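Visitor: Count along the sequence shown from 1, add 7, and you get the number used in this note's numbering.
We treat Cβ as the ideally placed atom computed from N, Cα and C, and that holds for glycine.
This one's a predicted model, so the numbers in the text were calculated from it and none came from an experiment.
Provided herewith is a single structure, encoded as structure tokens, for subsequent inquiry.
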Amino acid sequence: MYSALKHQGQPLYKLARKGQQVERAAREIDIHDLELLGFAADTLRARVSCSKGTYIRVLVEQLGTALGSCAHLTALRRDYVEPFRAARMHTLEQLEALRETPPLLSADTAVGHLPALKLTAGQARAIGFGQEITVPGPYVGPLRLYDGSGQFMGLGRALEGGVVRSSRLFVAGHAGNRN
């Protein structure tokens, strides 16, 4: 119940805080790896590698039930989130030490799995001003949008018939200023 999933437009956590319970559909998840790191008295430490949408708090409760007991989470640390593996992550202290030249990734790194669409100057200008454009090609669904110079503009969505709309742009109208 304590999640951002919505029921009739309301986040579940808001309903849970009001003491309300609603029936939730089961969701398929994958547990790739479950490793016991330590066990002492009434505390267990584990590492879980899992698919997105996995609620570790629920997993812990279910493990406790399966063991004929109860369990709850006392701490949770996320080691990585795809596509950001631990080797590409930095602590706040490391970033503070690198203040002059922080190891920043380009904004489109997180959405690199989406198809890229390079726009003409006119298309980029139109998208930058919130207008729909039409593009040839087999695009349907979310896209990364780039202006004519290859600059990442943001995200768009391609609909049937080649219509593309902006979803999230970093700087609205930036293409109109550059091209």
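Using DSSP's beta-bridge definition, name the partner residues of alanine 123.
Guide: Along the sequence shown, read from residue 1 onward, the residue named residue 123 stands at position 116. Alanine 123 pairs with Arg151.
Visitor: Taking DSSP's pairing of strands, which residues face valine 171 in a bridge?
Guide: Within the sequence shown, the letter at position 164 stands for residue 171. DSSP, once it has assigned bridges, lists Ile140 and Ala165 as partnering valine 171.
Visitor: Three Cβ pairs or more, each shorter than 8 Å: is that satisfied between the region 76–86 and the region 55–67?
Guide: Yes, since at least three Cβ pairs between the region 76–86 and the region 55–67 fall closer than 8 Å, the two stretches touch.
Visitor: Looking at C-alpha atoms only, which residue of Tyr20, Pro110 and Gln28 is the closest neighbour of leucine 99?
Guide: As a working mapping, residue 99 is identified with position 92 in the sequence shown. Of the listed residues, the one whose Cα sits closest to leucine 99 is Pro110.
Visitor: Ends of the alpha helix (DSSP H) at glutamate 35?
Guide: The residue you call residue 35 lines up with position 28 of the sequence shown. First-last for glutamate 35: undefined, no H or E at that position.
Visitor: Considering just the uninterrupted stretch of the beta strand (DSSP E) at valine 55, what are its terminal residues?
Guide: One-based indexing of the sequence shown puts residue 55 at position 48. Segment 50–57, the beta strand (DSSP E) holding valine 55.
Visitor: Identify, in the order they occur along the chain, each residue of the same chain with its Cβ nearer than 6 Å to the Cβ of valine 171, setting aside the five sequence neighbours on each side.
Guide: The residue you call residue 171 lines up with position 164 of the sequence shown. Excluding sequence neighbours, valine 171 sits near Ile140, Val142, Gly163 and Ala165.
Visitor: Between glycine 60 and arginine 34, is the Cβ-Cβ spacing less than 8 Å?
Guide: Here residue 60 corresponds to residue number 53 of the sequence shown, with the count starting at 1. Here residue 34 corresponds to residue number 27 of the sequence shown, with the count starting at 1. The answer is yes: Cβ separation under 8 Å.
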